[in-house]
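This report refers to the structure that appears directly beneath it.
This is the structure we're talking about:
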């Protein structure tokens, strides 16, 4: 069975500071992992995906995530937060069938 | 505009009623997925169709049903509605069948249909 856990329901950062959104997964085989973003009153948009190629995956809008098999983690990072990054972020495993509960990112000016 | 069209955007109805949500996938996409997003349950996968055939089923209630038509649009039917069915229902599409272990299956989401049951 597969599962995904987003460790923080809400993260608040100041504009210009780094962002870290944490995701742990459980899988009995090599997983595919995704991060999606949902802006208020919008649908979800793909940020990046991991499919067993490079372990460091770069996505849109300056986000990246690193697949760490030993830690079963796929944390999302960005060096410098922008106000427009305020949204809800979902970590996804297993071909888009299992979504994490989401992490709401707030960015303070 | 993502290319995935969902109608209606908002729907308010009463308990016990039946509604139909419609989804037109992005041009060229053969797969359609339905998801339910509520505050307490998060984003839950409901059902997946590929080229008219059901491919996977998630936490979909027996009161709910779906189908994908020859022109590839899909409908989600919700019947005997309860207060707890109030949620945002998303449709997403992709080009490939999308097995459980597929990593190439990137989804394009519609803007959602917000259902309120009073």
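Chains as they are written, first to last, in this note's numbering: chain A, 1 to 109; chain B, 1001 to 1118. The beta-carbon is built from N, C-alpha and C at its ideal position, and this holds for glycine as well.
Classification of residue i by the beta-carbon crowding that lies within 10 angstroms, buried from 16 upward
{"i": "residue 16 of chain A", "result": "exposed"}
{"i": "residue 98 of chain A", "result": "buried"}
{"i": "residue 1047 of chain B", "result": "buried"}
{"i": "residue 75 of chain A", "result": "buried"}
{"i": "residue 9 of chain A", "result": "exposed"}
{"i": "residue 29 of chain A", "result": "exposed"}
{"i": "residue 37 of chain A", "result": "buried"}
{"i": "residue 88 of chain A", "result": "buried"}
{"i": "residue 1085 of chain B", "result": "buried"}
{"i": "residue 1001 of chain B", "result": "exposed"}
Contact list for residue i against chain B, beta-carbon separation under 9 Å
{"i": "residue 74 of chain A", "result": "By Cβ distance, chain B contributes nothing, its closest Cβ being about 12 Å from residue 74 of chain A, past 9 Å."}
{"i": "residue 116 of chain A", "result": "Any property of residue 116 of chain A remains undetermined from this structure, which presents chain A solely from 1 to 109."}
Paired residues, beta bridge with residue i - DSSP
{"i": "residue 1067 of chain B", "result": "B/1075"}
{"i": "residue 1054 of chain B", "result": "B/1049"}
Contacts that residue i makes with chain A (C-beta to C-beta distance below 7 Å)
{"i": "residue 1002 of chain B", "result": "43"}
{"i": "residue 1030 of chain B", "result": "Residues of chain A passing the Cβ test: none, with the nearest at roughly 15 Å."}
is_contact[residue i, chain A] using C-beta, thresh 8 Å
{"i": "residue 1111 of chain B", "result": "yes"}
{"i": "residue 1043 of chain B", "result": "yes"}
Chain-ordered neighbours of residue i on chain B, where CB pairs are closer than 7 Å
{"i": "residue 58 of chain A", "result": "Within 7 Å Cβ-Cβ: nothing; residue 58 of chain A doesn't reach chain B, min ~15 Å."}
Min CB distance residue i to chain B below 8 Å
{"i": "residue 102 of chain A", "result": "yes"}
{"i": "residue 99 of chain A", "result": "yes"}
{"i": "residue 46 of chain A", "result": "yes"}
Where residue i meets chain B, residues with beta-carbon distance less than 8 Å
{"i": "residue 63 of chain A", "result": "In chain order: nothing, as chain B lies at least about 15 Å away."}
Could you run through the segment 1055 to 1088 of chain B and flag, in chain order, every residue whose CB is less than 7 Å away from some CB of chain A? 1056 and 1058
To be precise: take each residue of the segment 12 to 36 of chain A, compare its Cβ to all Cβ atoms of chain B, and keep it if any distance is under 7 Å. Which residues remain? 29 and 32
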